[in-house]
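The next block holds one structure in the form of structure tokens; read it before the comments.
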Amino acid sequence: EPEVTQTPSHQVTQMGQEVILRCVPISNHLYFYWYRQILGQKVEFLVSFYNNEISEKSEIFDDQFSVERPDGSNFTLKIRSTKLEDSAMYFCASSGRAYEQYFGPGTRLTVT
Amino acid sequence: GQQVMQIPQYQHVQEGEDFTTYCNSSTTLSNIQWYKQRPGGHPVFLIQLVKSGEVKKQKRLTFQFGEAKKNSSLHITATQTTDVGTYFCAGKLGFGNEKLTFGTGTRLTIIP
Numbered sequence: 001e002p003e004v005t006q007t008p009s010h011q012v013t014q015m016g017q018e019v020i021l022r023c024v025p026i027s028n029h030l031y032f033y034w035y036r037q038i039l040g041q042k043v044e045f046l047v048s049f050y051n052n053e054i055s056e057k058s059e060i061f062d063d064q065f066s067v068e069r070p071d072g073s074n075f076t077l078k079i080r081s082t083k084l085e086d087s088a089m090y091f092c093a094s095s096g097r098a099y100e101q102y103f104g105p106g107t108r109l110t111v112t
Numbered sequence: 113g114q115q116v117m118q119i120p121q122y123q124h125v126q127e128g129e130d131f132t133t134y135c136n137s138s139t140t141l142s143n144i145q146w147y148k149q150r151p152g153g154h155p156v157f158l159i160q161l162v163k164s165g166e167v168k169k170q171k172r173l174t175f176q177f178g179e180a181k182k183n184s185s186l187h188i189t190a191t192q193t194t195d196v197g198t199y200f201c202a203g204k205l206g207f208g209n210e211k212l213t214f215g216t217g218t219r220l221t222i223i224p
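Protein chains in written order, with the working numbering: chain A, 1 to 112; chain B, 113 to 224.
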């Protein structure tokens with residue numbers, strides 16, 4: 001069964017550093033998303049991406065965040081200057097026509 | 113902004129007992145989805161409800177969408193240890209591939 005993959009599984013970085021989280025969505029999906037989940041809390045929407053552009057973003061997704069689809073398979077989330085409060089699990093998701101979203105296993109980001 | 117609340121936050125049940133989680137949105141939804149997240153895992157799609165008053169069943173799980181399309185419930189009959197996890201409802205305002213607004217989740221633990 002096709003699945004969304006994410007790398008790395010765990011990223012530790014120092015405050016102020018840039019990080020890039022990578023995702024490979026399901027191959028025939030057209031809609032891509034990033035969500036985050038602070039430990040023990042609900043899943044929060046960050047951004048959605050379709051047809052090579054952002055279709056929607058939340059208040060969390062400020063100028064420090066950017067997304068890119070550099071080739072036909074990868075979908076990346078970049079945080080330019082990480083803050084302590086960016087520590088969370090970051091989930092990539094993709095969907096096709098049926099609208100249910102398939103989530104990757106997540107990248108745990110720890111900012112020290 | 114849109115808020116989706118779930119109650120209870122936690123539920124501990126004896127194996128074999130029933131379990132219900134309730135989801136309430138501050139705004140009318142076009143559809144609602146339910147996801148299950150095992151401890152340490154990622155959200156996994158369970159079902160989508162679209163019509164007012166809709167009821168769907170998956171084996172021991174019964175999902176309901178309220179008449180006003182602002183609330184939903186998930187009922188599990190005769191819980192098993194494999195049902196352990198956090199159950200999230202997630203609402204959508206449109207009918208396309210818009211973002212999901214996740215509820216606060218109900219964490220289910222089973223006492224064997």
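From the three backbone atoms N, C-alpha and C, an ideal C-beta is built for every residue, glycine too.
Keep in mind it's a predicted model, so treat the numbers as computed, not measured.
Starting from the beta carbon of residue i, find every residue of chain A whose beta carbon is closer than 8 Å, and list them in chain order.
{"i": "Leu205 (chain B)", "result": "Residues of chain A passing the Cβ test: none, with the nearest at roughly 11 Å."}
{"i": "Phe200 (chain B)", "result": "Lys42, Val43"}
So, under 8 Å CB-CB, residue i and residue j are touching, yes? Tell me the CB distance rounded to an integer number of Å.
{"i": "Ile144 (chain B)", "j": "Leu161 (chain B)", "result": "5 Å"}
{"i": "Ile159 (chain A)", "j": "Phe61 (chain A)", "result": "No information on residue 159 (chain A) is available, as it lies outside the stretch 1 to 112 that chain A covers here."}
{"i": "Ile26 (chain A)", "j": "Tyr102 (chain A)", "result": "6 Å"}
{"i": "Arg219 (chain B)", "j": "Thr198 (chain B)", "result": "5 Å"}
{"i": "Ser142 (chain B)", "j": "Gly215 (chain B)", "result": "With 8 Å as the limit, Ser142 (chain B) and Gly215 (chain B) do not qualify as a contact, their Cβ atoms being about 16 Å apart."}
{"i": "Phe49 (chain A)", "j": "Val24 (chain A)", "result": "Wrong, their Cβ atoms sit about 14 Å apart, outside the cutoff."}
{"i": "Gln115 (chain A)", "j": "Thr112 (chain A)", "result": "Outside the shown range of chain A, which is 1 to 112, sits residue 115 (chain A), and nothing can be said about it."}
{"i": "Asn51 (chain A)", "j": "Gly96 (chain A)", "result": "Wrong, their Cβ atoms sit about 14 Å apart, outside the cutoff."}
Run down chain A in chain order and give the residues with a C-beta less than 7 Å from the C-beta of residue i.
{"i": "Gly215 (chain B)", "result": "Lys42"}
{"i": "Gln160 (chain B)", "result": "Tyr99, Glu100"}
Using the beta-carbon of each residue, which ones in chain B are nearer than 7 Å to residue i?
{"i": "Glu56 (chain A)", "result": "Glu210, Lys211"}
{"i": "Phe65 (chain A)", "result": "Residues of chain B passing the Cβ test: none, with the nearest at roughly 15 Å."}
Tell me, please, whether the CB atom of residue i is closer than 9 Å to any CB atom in chain E?
{"i": "Gln176 (chain B)", "result": "In the displayed structure, chain E is absent; the protein chains listed are A and B."}
Do residue i and residue j have their C-beta atoms closer together than 9 Å?
{"i": "Glu127 (chain B)", "j": "Gln170 (chain B)", "result": "no"}
{"i": "Ser94 (chain A)", "j": "Phe45 (chain A)", "result": "no"}
{"i": "Ala202 (chain B)", "j": "Leu186 (chain B)", "result": "no"}
{"i": "Glu210 (chain B)", "j": "Glu100 (chain A)", "result": "no"}
{"i": "Gln6 (chain A)", "j": "Gly72 (chain A)", "result": "no"}
{"i": "Phe200 (chain B)", "j": "Tyr147 (chain B)", "result": "yes"}
{"i": "Leu30 (chain A)", "j": "Leu109 (chain A)", "result": "no"}
{"i": "Ile223 (chain B)", "j": "Phe131 (chain B)", "result": "no"}
{"i": "Thr174 (chain B)", "j": "Val196 (chain B)", "result": "no"}
{"i": "Phe91 (chain A)", "j": "Val12 (chain A)", "result": "no"}
{"i": "Gln118 (chain B)", "j": "Gly217 (chain B)", "result": "yes"}
Residues of chain B with CB under 8 Å from residue i, in chain order?
{"i": "Phe45 (chain A)", "result": "Lys211, Leu212, Thr213, Phe214"}
Give the interface partners of residue i over in chain A, defined as CB-CB distance under 9 Å, in chain order.
{"i": "His124 (chain B)", "result": "Ordered by position in chain A, no residue passes the 9 Å Cβ test against His124 (chain B), which lies about 16 Å from the chain."}
{"i": "Pro155 (chain B)", "result": "Tyr35, Gln37, Val43, Phe91, Ala93, Gln101, Phe103"}
Check your understanding: Mind listing which residues of the region 89 to 108 of chain A have their C-beta closer than 9 Å to chain B's C-betas, in chain order?
Key -> Taking 9 Å as the upper bound on Cβ-Cβ separation, chain B lies near residues Met89, Phe91, Ala93, Ser95, Gly96, Arg97, Ala98, Tyr99, Glu100, Gln101, Tyr102, Phe103, Gly104, Pro105, Gly106 of the region 89 to 108 of chain A.
**Study point:** Touching by the beta-carbon criterion (3+ pairs, under 8 Å), the region 67 to 85 of chain A and the region 176 to 189 of chain B
**Key:** The region 67 to 85 of chain A is not in contact with the region 176 to 189 of chain B.
**Study point:** Touching by the beta-carbon criterion (3+ pairs, under 8 Å), the region 128 to 135 of chain B and the region 32 to 43 of chain A
**Key:** Judged by pairs of C-beta atoms under 8 Å, the region 128 to 135 of chain B does not touch the region 32 to 43 of chain A, as fewer than three such pairs exist.
Point to revise | Members of the region 137 to 153 of chain B near chain A, C-beta cut-off 7 Å | key: Those residues of the region 137 to 153 of chain B that come within reach of chain A (Cβ to Cβ, closer than 7 Å) are Gln145.
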